[in-house]
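Have a look at the structure below before the remarks.
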Amino acid sequence: MSNEASMHTDTSVSVPVEVHHHEEHAHHHHHESFITKYVFSQDHKMISKQFLITGMFWGIVGGLMSVLFRLQLGYPDESFPWLQDLLGKWWFENGHLTAQAYYALVTTHGTVLVFFVLTAGLSGTFANLLIPLQVGARDMASPFLNMLSYWFFFTASIVMLSSIFVSTGPFSGGWTAYPPLSALHDASPGSQHGMDLWIIAMAIFVVSSLLGGLNYIVTILNMRTKGMSMTRLPLTMWALFFTAVLGVLSFPVLLSGLILLIFDRNFGTSFYLSDIFVSSTNTALPNEGGNAVLFQHLFWFLGHPEVYIILLPALGMVSDIISVHARKPIFGYMAMVASLFAIAILSFLVWAHHMFVSGLNPFLGSIFVLLTLLIAVPSAVKVFNWLTTLWRGNIRFPPSMLFAIGFVSLFISGGLTGIWLGNSALDIHLHDTYFVIAHFHIVMGVASMFGMFAGIYQWFPKMFGRYLNNTLGYIHFWVTIAGAYLIFWPMHYEGLAGMPRRYYDYSTWISFNQFGDLNRFISTVAMIVFSAQLLFLFNFFYSIFKGRKLTTPNPWQANTLEWTTPIHAGHGNWPGEIPEVHRWAYDYGKDGRDFIPQDVPIGKDESLH
Amino acid sequence: MSMFFTIAVIVLVFLIIFQIAKASEYVSVIKGEEKSRKEQNRVNGFFMIAFLIAGLIGVYYCNKALYPDTLLAHDAASTQGDKVDSMLRLTLVITGIVFFITQILLFWFSYKYQETDKRKAYYIAHNNKLELIWTVVPAVALTALIVFGLKNWFAFTGPAPKDALQIEITGKQFGWIFRYPGADQTFGKKYYKLIDDANHNDLGQDWNDSKNFDDIIVQANMYCVVNRPVNLRIFSRDVIHDVGLSAFRLKQDAVPGTPTSLWFTPKYTTKEMKEKLGNPDFQYEISCDQMCGNGHYSMRGVIEVVTQEEYDVWLAQQKPNYYAAFPDKDPANKKSTQPAATDSTKTTAAVKADTTKQKM
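Protein chains in written order, with the numbering used here: chain A, 1 to 609; chain B, 1001 to 1360.
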């Protein structure tokens, strides 16, 4: 299983075999210029930082967008002339956010959070950082494709960003981009050039995700160090492996759907279009025979695995973080792997549960009810296994552990409401209401964000050789978890009143205008929670340069291989030989020893687990 | 001015937090890593249990404050809605039990098993029996929910009763158009290329089809009869919309080119609901629940549920759309004949079976 041979043939990686001082290794590398070290780097560790910081940029942009549209929802009658001065007339008119801008913000918020932050920012960061380090490889299977993966993501980001500045505005038909709304230039201003740019950005993003995903799969399968059998992989590796497989199998389907959409938009085809009369231009379109629901199938065939692409890395990292800080092995390792596997398989078989009321054949819908609710079983197994891991542990609470526990709490809360929505007979009432908003923000949005934060707090020392400030981390955690519940918990009640999502203004509705005070409350909390993220942002960038320095390469006393590298590991990760693995990653508290790293050989009188 | 003041305060708060954070880091360096870690553990361990208790109290108060504003506070306005509500309650009980057990264990364990020198972590890697239990128990509970759910689902989506009132509803940016089949109880043919708003042909009715001559078109409010099933044939003129009937607990997308349908039986008239809820402004609203453009939030329709007598009176006042398109054909404009609308009232109750067929 050693990958030494393959690595030596790769000229881009220098393997400093002659090094003896582990801490002093950087100068052994071939002349690295600023460009090759920080910009077009092929070092997976640098690429992971690029993914993370780009993801954080989008997190702030997407978060700010939500603050803006929450202002409209919470304070529909208030005027904000200073925002109009700041953003201009297209966004604000008479001090009020325009409906056009509101829908543009909602759409872009969804798109960038789902794809750029929680896909690229989360699995891009941690797959890059952790896969070579935890399987014991000097870099990814193809460092070059890995670099391309980032730069495709970067290009997608630029295109998406540019769409915000076109005169007709960015796409504003919701992140799911259902045609005909997304296909007809005249159906909405946002469906003009903004939509073309949106599609191009997404297509480039798919390429990025495929290049990354193939690399992750190959690296995990082929480049594990000696002794690192699949069943000795940390759960993070399993999770990232399944994530990559899901991405490789489902993103191309989205791409095909988008290509058909481009044809319908610009070249007169009728894949999704039929029987349409556009009121704004007073014309009947020639397209007949297309099916709008086809796009929904293609979209959700990616769209549902996508939510697990977002969630799985968090499931994996949280498992490892909980085990490390509870000082106990993860409970039921094989069951955890099996449940990840089951979730990965089932995630491909549930997509139509987003379409129960789309005109889908009711019998087909019933099959998807069955398969959807089935996914609750492996999810329940995971929760109980985490709980048992905490049970009789000796728990430490660095910020990463707090976020991991917070993740479990949110995963439970949001997962349980999935059982409501997955049942078509309830979805027929709750579909597209705030109940859905509450459900997926808690289980996929905030929970995965918590997984990401847990990962950042856990591996920041590995990335930068310094600690994040703990106190700021604690404030960040407690404000965020309390705020997340205060924002999203009451939304369930709005949903149970049938309050539809994606409404610019509720005041004219007799059925939904009873929640004015609540909306104001939610918006206020949202702004506070957003400020707490700025605190984290400050902590992050400040600590890169001024944080407390690491004095030991293994600050959390963890077993996995990344902590056997020097504090500032160069390209190639280990100055000497790649360590050999002799055990699984979870020997905590075994035979009275606090922890036994994976590269420690099995002792003579050691008990078997 | 107040804005600058707010920003100044926020910056100041940030600075203070930062100074505290920095200071506490120095303190922990002086104290030593292990000692400060244990202190932080105690604080966060306490917060864990405090968060649990505050959270449970919060759940209680949130429910107390918001439950009356939800639809569950009153019974549903349709017989289908009653089934939805009973399923909501069952699901709430099952998921609620799991919610409380797991959240309490999570935060309680975190508090109870925080690091101490007195205890060593208990080495346990797995236990097949336990794992089997928490695989099988959720599976059984979910099976119950699936069976219950699908039974209702097939009831909701099954064919409408034969005596159902047939109404066609068409969404467009941004409003609803309703069509009643008129005296012959049959909808006339329509074709989207015939749509002509200027000449009273919003749906593209084919005037060569005589079945269209008595079809009635209503733009604002849809009328239906209490305790009589309504079968909605759902169309869209442009993009995807959704007929959202929150009071009846149902919804269904309107897809251009793909007709859909939805049926329900209203239990209370609009008037009865006003009294029941003590809200004189109450109306059965149709909300568009599928993003359809910048006017999505304003795409409102109203359903008037009335008694059969009131419905008959209302229907008698409606003129077929044919006469709006061709005023010269309107008998009211010719003095000799009777108003055509009178004929349609007589035959409303006698519904032919063939009209229930779900065809374009």
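All C-beta atoms, glycine included, are put in the ideal place defined by N, C-alpha and C. All values derive from a computational prediction rather than experimental measurement.
At a cut-off of 9 angstroms, the C-beta of F144 (chain A) has no neighbouring C-beta in chain B. For Q1166 (chain B), the uninterrupted beta strand (DSSP E) segment begins and ends at 1165 to 1172. Close to H185 (chain A), with beta-carbon spacing below 7 angstroms, lies no residue of chain B; the smallest spacing is near 12 angstroms. For the region 1284 to 1300 of chain B, the residues whose beta carbon sits under 9 angstroms from a beta carbon of chain A are, in order, Y1284, E1285, S1287, C1288, D1289, Q1290, M1291, C1292, G1293, N1294, G1295, H1296, Y1297, S1298, R1300. Among the CB atoms of chain A, one or more fall inside 9 angstroms of the CB of F1154 (chain B). If you ignore the 5 residues before and after L73 (chain A), its C-beta comes within less than 7 angstroms of the C-beta of N519, S523, all in its own chain and listed in chain order. The shortest CA-to-CA distance from L1106 (chain B) to any of A:G473, A:Y506, A:D594, A:V408 is the one to A:V408.
Residues of the same chain with a CB within less than 8 angstroms of the CB of F477 (chain A), apart from the 5 flanking positions on each side, are P399, L402, F403, G406, F453 in chain order. The C-beta of H1200 (chain B) comes no closer than 9 angstroms to any C-beta of chain A.
Residue contact with chain A for G1045 (chain B): present (Cβ-Cβ distance below 9 angstroms to some residue of chain A). Only those residues of the region 1010 to 1033 of chain B whose C-beta falls short of 8 angstroms from the nearest C-beta of chain A are listed: I1010, F1014, I1017, F1018, I1020, A1021, K1022, S1024, E1025, S1028, V1029. Relative to W1153 (chain B), the option among A:F126, A:N361, A:V248 whose CA is nearest is A:N361. At a cut-off of 9 angstroms between beta-carbon atoms, W1263 (chain B) makes no contact with chain A. Pairing P179 (chain A) with F295 (chain A) gives a Cβ-Cβ distance under 9 angstroms. In this model, G1045 (chain B) and L387 (chain A) are separated by some 16 angstroms (Cα to Cα). By the neighbour-count criterion, in which a residue is buried when 16 or more other Cβ atoms sit within 10 angstroms of its Cβ, G592 (chain A) is exposed. Spatial neighbours of A558 (chain A) in its own chain (CB-CB distance under 6 angstroms, excluding positions within 5 residues in sequence) are listed in chain order as V324. The Cβ of P1266 (chain B) sits no closer than 9 angstroms to any Cβ of chain A.
Comparing alpha carbon positions, the residue from B:K1162, B:G1293, B:Q1317 closest to W1263 (chain B) is B:K1162. Contacts with chain B at 9 angstroms (Cβ-Cβ) include I276 (chain A).
In the DSSP assignment, G589 (chain A) falls within the beta strand (DSSP E) that extends over 588 to 590. Inter-segment contact for the region 105 to 118 of chain A and the region 55 to 72 of chain A is present: three or more beta-carbon pairs are separated by less than 8 angstroms.
Look at the region 187 to 265 of chain A and you find these whole runs of alpha helix (DSSP H), each 4 residues long or longer: 193 to 222. Around the CB of E1275 (chain B), fewer than 16 other CB atoms lie within 10 Å, so the residue is classed as exposed. Residues of the region 30 to 45 of chain A with a C-beta atom less than 7 angstroms from some C-beta of chain B do not occur. Considering only B:Y1180, B:W1207, B:A1247, the residue with the shortest C-alpha distance to P500 (chain A) is B:A1247. DSSP places Q1114 (chain B) in the strand class (E or B) of the three-state scheme. The beta carbon of H193 (chain A) does not come within 9 angstroms of any beta carbon belonging to chain B, so the residue lies off that interface. R1119 (chain B) counts as exposed, since fewer than 16 other beta carbons sit within 10 angstroms of its beta carbon.
Comparing C-alpha distances from P553 (chain A) to each of A:L535, A:F460, A:I262 shows the shortest one belongs to A:F460.
Annotated three-state conformation of M1299 (chain B) is coil, per DSSP. Taking a cut-off of 8 angstroms on C-beta distances, the region 532 to 552 of chain A touches the region 457 to 475 of chain A, as three or more cross pairs fall below it.
Listed in chain order, the alpha helix (DSSP H) elements of length 4 or more contained wholly in the region 1117 to 1191 of chain B are 1128 to 1157. Note on E1033 (chain B): under 16 other CB atoms within 10 angstroms of its CB, so exposed under the neighbour-count rule. Among the CB atoms of chain B, none fall inside 9 angstroms of the CB of F450 (chain A).
If you check the CB distance, Y216 (chain A) and M140 (chain A) come in under 9 angstroms.
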